[in-house]
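Enquirer:
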Amino acid sequence: MEFLGQKVLIFVLQKKMVCPLVNLKERFHSIEECGEQVFGYGCDSTDNKLTTMDWLFVYPQGMEKLVMYMKDRFNNTPIIITENGIAESDDPDFSLEDAINDTPRVEFMHSYLNSLANAMREGANVRGYFAWSLLDNFEWLDGYTKRFGLHYVNFTNLQRTPKLSATRYKELITNFQSQLATHTS
138 MEFLGQKVLI
148 FVLQKKMVCP
158 LVNLKERFHS
168 IEECGEQVFG
178 YGCDSTDNKL
188 TTMDWLFVYP
198 QGMEKLVMYM
208 KDRFNNTPII
218 ITENGIAESD
228 DPDFSLEDAI
238 NDTPRVEFMH
248 SYLNSLANAM
258 REGANVRGYF
268 AWSLLDNFEW
278 LDGYTKRFGL
288 HYVNFTNLQR
298 TPKLSATRYK
308 ELITNFQSQL
318 ATHTS
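Using this note's numbering, you'd call the opening residue of the sequence shown number 138 and step up by one each time.
As structure tokens, then:
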């Protein structure tokens, strides 16, 4: 195996799970367990912030736990995080300036990248991380009502404008590379 790819979006803590497992089984064919976590859908967790998606909670510690699980379970095969991020609502009353000031996404990325860096300091062989998503896009369940991208897309004329998160993502990645290089030298 050359690498493991993992989409990291959903973490529901088994210990704090409010909905019964049978509800999860109705939504998915199986439930994957990873340490203390169950990956689920539509559950409530009282300690974690809910995003604009009714099924997505912010739980950055889950990134480190998942990556360490994969490190141990798969003999430290190289790991690529293929998708990680949050959506924001597309408010038609927002100005372009409001739309590109996506501070919640910046905070999300910072916390998840910190968690990922912790796993890397513990020896996890992480080779890549991809934000969800480069551009605002169409989602099958939500159409154009959610904004996922590091770049704002005007869906009328397709003009693209970098959001605050695009700039901060570049800075975060550069800083983490420097920190990890210093840590491993």
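Glycine residues also receive a C-beta, built at the ideal position from the N, C-alpha and C atoms.
This structure is a prediction, so every number in the text was calculated from the model and none was measured.
Kindly list the residues whose CB is nearer than 8 Å to the CB of His288, restricted to its own chain and excluding five residues on each side of it in sequence; keep chain order.
Expert: Taking the first residue of the sequence shown as 1, we reach residue 288 at position 151. Cβ-Cβ distances below 8 Å link His288 to Leu271, Leu272, Asp273, Arg297, Thr298, Pro299, Lys300, Ala303 in the same chain, with the five nearest sequence neighbours on each side left out; the list follows chain order.
Enquirer: Taking Thr214 as part of the alpha helix (DSSP H), name the residues at either end of that continuous run.
Expert: The residue given as residue 214 occupies position 77 in the sequence shown. Looking at the DSSP string, Thr214 is not in any alpha helix (DSSP H), and its letter there is neither H nor E.
Enquirer: Below 7 Å between beta carbons: does that hold for Ala268 and Gly222?
Expert: Taking the first residue of the sequence shown as position 1, residue 268 is located at position 131. Taking the first residue of the sequence shown as position 1, residue 222 is located at position 85. Result yes, Cβ atoms of Ala268 and Gly222 sit closer than 7 Å.
Enquirer: Give the DSSP bridge partners of Leu272, in chain order.
Expert: For the purposes of this step, residue 272 is taken as residue 135 along the sequence shown, with counting starting at 1. In the DSSP output, where bridge partners are listed per residue, Leu272 has His288.
Enquirer: Near Tyr266, what residues of its chain come up, given a Cβ to Cβ distance below 8 Å and the 5 sequence neighbours on each side ignored?
Expert: Residue 266 sits at position 129 when you count from the first residue of the sequence shown. Correct list, in chain order: Ile217, Ile218, Asn221, Leu250, Leu253, Ile310.
Enquirer: Is Val195 near the ligand ADP, with its Cβ less than 6 Å from a heavy atom?
Expert: Because no ligand of any kind appears in the structure shown, any question about the ligand ADP cannot be addressed here.
Enquirer: For Gly280, does the count of other Cβ atoms within 10 angstroms reach 16, so buried, or fall short, so exposed?
Expert: As a position in the sequence shown, residue 280 is number 143, starting the count at 1. Exposed, because fewer than 16 other Cβ atoms sit within 10 Å of the Cβ of Gly280.
Enquirer: Does the distance from the CB of Glu201 to the CB of Asn255 come in under 7 Å?
Expert: Numbered from 1 along the sequence shown, position 64 holds the residue referred to as residue 201. Numbered from 1 along the sequence shown, position 118 holds the residue referred to as residue 255. Cβ distance < 7 Å, so Glu201 and Asn255 count as in contact.
Enquirer: Applying the criterion that 16 or more other CB atoms from any shown protein chain within 10 Å of the CB defines a buried residue, is Phe275 buried or exposed?
Expert: Residue mapping note: residue 275 aligns to position 138 of the sequence shown, counting from 1. Label assigned to Phe275: exposed.
Enquirer: Between which two residues does the beta strand (DSSP E) carrying Pro197 extend?
Expert: Counting from 1 along the sequence shown, the entry for residue 197 is found at position 60. First-last for Pro197: undefined, no H or E at that position.
Enquirer: If you draw a straight line from the alpha carbon of Ser226 to that of Val290, how long is it in whole angstroms?
Expert: By 1-based counting over the sequence shown, the position of residue 226 is 89. By 1-based counting over the sequence shown, the position of residue 290 is 153. Between Ser226 and Val290, the C-alpha separation is close to 13 Å.
Enquirer: I need the straight-line Cα distance from Met354 to Ser232, nearest angstrom please.
Expert: Not covered by the structure: residue 354. The range shown for the chain is 138 to 322.
Enquirer: When we look at the beta-carbon of Lys208 and count the other beta-carbons within 10 Å, is it buried (16 or more) or exposed?
Expert: Within the sequence shown, numbered from 1, the residue matching residue 208 stands at position 71. Lys208 is buried by the Cβ-count criterion.
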